[in-house]
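Read top to bottom, the protein sequences are chains F and S.
Per my numbering, the very first residue in the first sequence carries number 80; after that it's consecutive.
Per my numbering, the very first residue in the second sequence carries number 4; after that it's consecutive.
Every residue, glycine too, gets a C-beta built ideally from N, C-alpha and C.
A short worksheet on the structure shown next.
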Amino acid sequence: MSGRFQGILDTITRVRGVRGAMIVACNDGLVVADSLMEGVRGNAVAALASSLIKHAANATAASGAGAPQFLHLQGSRGALLAVSGRSEILIVAVAEPSVNVGLVRLELIRAAEAVN
Amino acid sequence: MTRTYAVDPWVEKPLATFVDEAGARLALLMTPAGQVIAQHGFTRAVDVMAAAALGAGIVASTGEVAKLLDEPLFSVLNHQGERHGILLGGFDTPRGRMVCLAVYGPESSPGIVQLFFEEFSRDVRDACPAPEAPKQVLAADFERELNESLSALFRT
């Protein structure tokens, strides 16, 4: 992975409770760069998160809300957070349930801007 | 309704699940030589035979490229077009190597198809019965077996 992407992902994974971060090609659902703890299935998360964003885009478009910018999916054992950047890029974080969502969101937005 | 048809019944369920989960429009499971084991979405035998022959040709070509690079066989090849993409992936089973050709549209993605292809290859490996003892191939049986396979693949 290039040092540039590594640096961007490090700012996200430094947040307490974040188990991994990824830069994903949104149209393809493929991982561009990742920094993940062991046990996180990066390829699966990337593919399914990009699919989720595409479906969410249909829902937000139908409701007149425009393109989705931030997605927060809270599970019983963790959370998935994603921010869409320009250039068809998605920044994804996998976190523990107790993570500071606001802080992760801020870092994801910063990361998306840095990638753009 | 589009159906999944297989020469060997044990492969029908894994292929149907793969097509459903990956959002593939067409799918073909075959041997690297192009012998079709199962298909989904094709309506004409001629299309199946053409797709199988072309897929087998690509597998053979990329296999030779892998040899030139001193690499083991490539497992997955992905081509993305404007409206459709194809995934061509190979995996080993107790009955030898198998190749899957999947065609998908914009409602799916290379990542999704690849993800579920990995699960599909595991499902096929798990469901695959032990290899049969090799039989002598007789010219008289060839046409009958070919017709039986085509009949199974299209329920004619």
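How about residue 159/F: is its C-beta nearer than 8 Å to some C-beta of chain S?
Taking the first residue of the first sequence as 1, we reach residue 159/F at position 80. No, residue 159/F does not count as interfacial toward chain S.
Please report whether the beta-carbon of residue 112/S lies at a distance below 8 Å from any beta-carbon of chain F.
The residue given as residue 112/S occupies position 109 in the second sequence. Yes, because at least one Cβ of chain F sits closer than 8 Å to the Cβ of residue 112/S.
Is there at least one Cβ from chain F nearer than 8 Å to residue 91/S's Cβ?
Against the second sequence, residue 91/S aligns to sequence position 88. No - not a single Cβ of chain F is within 8 Å of the one on residue 91/S.
Distance CB(residue 114/S)-CB(residue 108/F) smaller than 8 Å:
Position 111 of the second sequence, counted from the start, is the residue given in the question as residue 114/S. Position 29 of the first sequence, counted from the start, is the residue given in the question as residue 108/F. Closer than 8 Å, so yes.
Continuous beta strand (DSSP E) stretch holding residue 79/S: start and end:
Taking the second sequence and counting its residues from 1, one reaches residue 79/S at position 76. From DSSP, the beta strand (DSSP E) with residue 79/S extends over 79–83.
Apart from the five residues on each side of it in sequence, which residues of its chain come closer than 8 Å, Cβ to Cβ, to residue 184/F?
Along the first sequence, one-based indexing puts residue 184/F at 105. Once the five neighbours on either side are set aside, the close Cβ partners of residue 184/F are 149, 151, 160 and 162.
Just to confirm before moving on: does the CB-CB distance between residue 78/S and residue 27/S stay below 8 Å?
Along the second sequence, read from residue 1 onward, the residue named residue 78/S stands at position 75. Along the second sequence, read from residue 1 onward, the residue named residue 27/S stands at position 24. No; because the gap between Cβ atoms is not below 8 Å, this pair is not in contact.
Quick one: which unbroken beta strand (DSSP E) runs of 3-plus residues sit fully inside the segment 123–192 of chain F? Chain order, please.
149–153, 158–163 and 168–174
Which first and last residues belong to the alpha helix (DSSP H) in which residue 65/S is found?
Along the second sequence, read from residue 1 onward, the residue named residue 65/S stands at position 62. Element bounds for residue 65/S: 48–71.
In chain F, what lies closer than 7 Å to residue 118/S by C-beta?
Position 115 of the second sequence, counted from the first residue, corresponds to residue 118/S. 122, 123 and 126, listed in chain order.
Looking at chain S, which residues of the segment 101–117 of chain F have a Cβ within less than 7 Å of any of its Cβ atoms?
106, 107, 108 and 109
In angstroms with no decimal places, state the Cα-to-Cα distance between residue 87/F and residue 14/S.
The count along the first sequence starts at 1 and reaches residue 87/F at position 8. The count along the second sequence starts at 1 and reaches residue 14/S at position 11. Near 44 Å, if we compare the C-alpha coordinates of residue 14/S and residue 87/F.
For residue 94/S, which of 88/S, 86/S and 104/S has the nearest alpha-carbon?
Residue mapping note: residue 94/S aligns to position 91 of the second sequence, counting from 1. Minimum Cα distance to residue 94/S is reached at 104/S.
If you reduce the DSSP assignment to three classes, tell me which class residue 14/S lands in.
Within the second sequence, the letter at position 11 stands for residue 14/S. Residue state, collapsed to three classes: helix.
Proximal residues of chain S, C-beta to C-beta of residue 129/F below 7 Å:
Taking the first sequence and counting its residues from 1, one reaches residue 129/F at position 50. What residue 129/F touches in chain S: 112 and 114.
Rounded to the nearest angstrom, what separates residue 67/S and residue 32/S at their Cα positions?
Working through the second sequence from its first residue, we reach residue 67/S at position 64. Working through the second sequence from its first residue, we reach residue 32/S at position 29. If I take the Cα positions, the gap works out to 21 Å.
Under 8 Å by Cβ, that's how I've got residue 8/S and residue 41/S pegged, so tell me the actual separation to the nearest angstrom.
Working through the second sequence from its first residue, we reach residue 8/S at position 5. Working through the second sequence from its first residue, we reach residue 41/S at position 38. With 8 Å as the limit, residue 8/S and residue 41/S qualify as a contact, their Cβ atoms being about 7 Å apart.
Where residue 186/F falls, given that 16 or more other Cβ within 10 Å makes a residue buried:
Along the first sequence, read from residue 1 onward, the residue named residue 186/F stands at position 107. Result: buried.
Measure the Cβ-Cβ separation of residue 98/F and residue 119/F and say whether it is below 8 Å.
Position 19 of the first sequence holds residue 98/F. Position 40 of the first sequence holds residue 119/F. A contact, by the Cβ cut-off of 8 Å.
Grab the span of the beta strand (DSSP E) containing residue 100/S for me, first residue to last.
Within the second sequence, numbered from 1, the residue matching residue 100/S stands at position 97. From DSSP, the beta strand (DSSP E) with residue 100/S extends over 99–107.
Supposed close pair residue 127/S, residue 91/S - CB separation, criterion 8 Å:
As a first step, residue 127/S must be located in the second sequence, where it is residue number 124. As a first step, residue 91/S must be located in the second sequence, where it is residue number 88. That pair is no contact at about 15 Å.
Measure the beta-carbon distance from residue 98/S to residue 137/S and round it to whole angstroms, keeping in mind my assumption that it falls under 8 Å.
What you label residue 98/S is simply residue 95 of the second sequence in a count that begins at 1. What you label residue 137/S is simply residue 134 of the second sequence in a count that begins at 1. Not a contact, Cβ separation roughly 12 Å.
Quick check: what's the CA-CA separation for residue 2/S versus residue 11/S?
Residue numbering for chain S in the displayed model covers 4 to 159; residue 2/S lies beyond these limits and cannot be assessed.
Residue 120/S beta carbon less than 8 Å from that of residue 25/S
Indexing the second sequence from 1 puts residue 25/S at position 22. Indexing the second sequence from 1 puts residue 120/S at position 117. Yes, these two residues count as a Cβ contact at 8 Å.
Please return the same chain residues whose Cβ sits closer than 7 Å to the Cβ of residue 157/S, not counting the five positions on each side in sequence.
In the second sequence, counting from the first residue as 1, residue 157/S sits at position 154. Cβ neighbours of residue 157/S beyond the five flanking positions: 8 and 48.
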